[in-house]
Amino acid sequence: EPEVTQTPSHQVTQMGQEVILRCVPISNHLYFYWYRQILGQKVEFLVSFYNNEISEKSEIFDDQFSVERPDGSNFTLKIRSTKLEDSAMYFCASSAWTGSYEQYFGPGTRLTVT
Amino acid sequence: DAKTTQPPSMDCAEGRAANLPCNHSTISGNEYVYWYRQIHSQGPQYIIHGLKNNETNEMASLIITEDRKSSTLILPHATLRDTAVYYCIVNLGNEKLTFGTGTRLTIIP
């Protein structure tokens, strides 16, 4: 069964460093998303991406964040200068039109900023 | 997105049917009802969705009231692996998911 994969599973970085979180969505999907979940809190939407451009972003997704689909398979989230409060699980998701748009999530990357 | 209301927690005995309710009284005519679950910090997992009719798949059944203001997710024979937080979400489909706090379902051996 096709699935969304994410690498790395755990990333530790120092405050102020840049990180890139990588995702491989399901191959025939066209809609891509990033969410995050701070420990003990709700899953929060960050950004959606369709047709090579951002379709929606949340207030969390400020100038420090960017997304890219550099080739036909990868979807990346970059944080330019990490802060302590960026520590969270980051989930990638993808969806396709099948009469509706159920989203399929990856296992997540745990980002720890020290 | 329409607001949803779910009980914060529920218990269910292993092997019994788990019935998880959700109120969504402000749902609009073209919004779907989606159910997802999250097992202990794993990525959320899609379970089922519906618009007006009741739906069933290999994981669960979804019962939507005729006025569409509430729904019930049914796990017919709950197992310990069904212990998770269950989220009821309504939206148009091709948009972000807004997760609430969900219902923490605990399956009791």
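Respectively, the protein sequence lines represent chains A and B. All residue numbers for the first sequence refer to our numbering, where the first residue is 8 and numbers rise by one. All residue numbers for the second sequence refer to our numbering, where the first residue is 5 and numbers rise by one. Beta carbons are placed, not taken as given, at the ideal position from N, Cα and C, and that holds for glycine.
key: Assigned exposure category for residue 19 of chain A - 16 Cβ within 10 Å defines buried   = exposed
ask   = Of all Cβ atoms in chain A, is any one closer than 9 Å to the Cβ of residue 101 of chain B?
value = yes
task = Compute the Euclidean distance between the alpha carbons of residue 92 of chain A and residue 70 of chain B, then round it to the nearest angstrom.
result = 44 Å
query = Going by Cα to Cα distance, which pick from A:77, A:89, A:118 and A:95 is closest to residue 32 of chain A?
reply = A:77
ask   = Going along chain A, which residues have a C-beta under 8 Å from residue 45 of chain B?
value = 44, 96 and 115
query = My guess is that residue 50 of chain A and residue 89 of chain A are in contact by the Cβ rule of under 8 Å, so how many angstroms apart are they, rounded?
reply = 20 Å between Cβ atoms; not a contact.
query = Whose Cβ in chain A lies nearer than 8 Å to the Cβ of residue 49 of chain B?
reply = 112
message = Tell me which residues of the segment 70-83 of chain A have at least one Cβ-Cβ distance to chain B shorter than 8 Å, keeping chain order.
response = none
query = Of all the CB atoms in chain A, is at least one closer than 9 Å to the CB of residue 10 of chain B?
reply = no
message = Going by DSSP, what residue range makes up the beta strand (DSSP E) through residue 20 of chain B?
response = Careful: residue 20 of chain B lies outside any beta strand (DSSP E) and carries neither H nor E.
ask   = Taking the alpha-carbon positions, what's the residue 100 of chain B to residue 93 of chain B distance?
value = 10 Å
inquiry  = For the pair the segment 58-73 of chain A and the segment 102-121 of chain A, tell me if three or more CB-CB distances fall below 8 Å.
reply    = no
Three-way DSSP call (helix, strand, coil) for residue 70 of chain B in this model = coil
task = Please indicate yes or no: does the CB of residue 50 of chain A lie closer than 8 Å to some heavy atom of the ligand FMN?
result = Looking at this structure, you won't find the ligand FMN or any other ligand, since it has none at all.
request  = Would you verify that the beta carbon of residue 76 of chain B is, or is not, closer than 9 Å to some beta carbon of chain A?
outcome  = no
key: Within-9 Å CB hit, residue 105 of chain B to chain A   = yes
ask   = Between which two residues does the beta strand (DSSP E) carrying residue 54 of chain B extend?
value = 49-54
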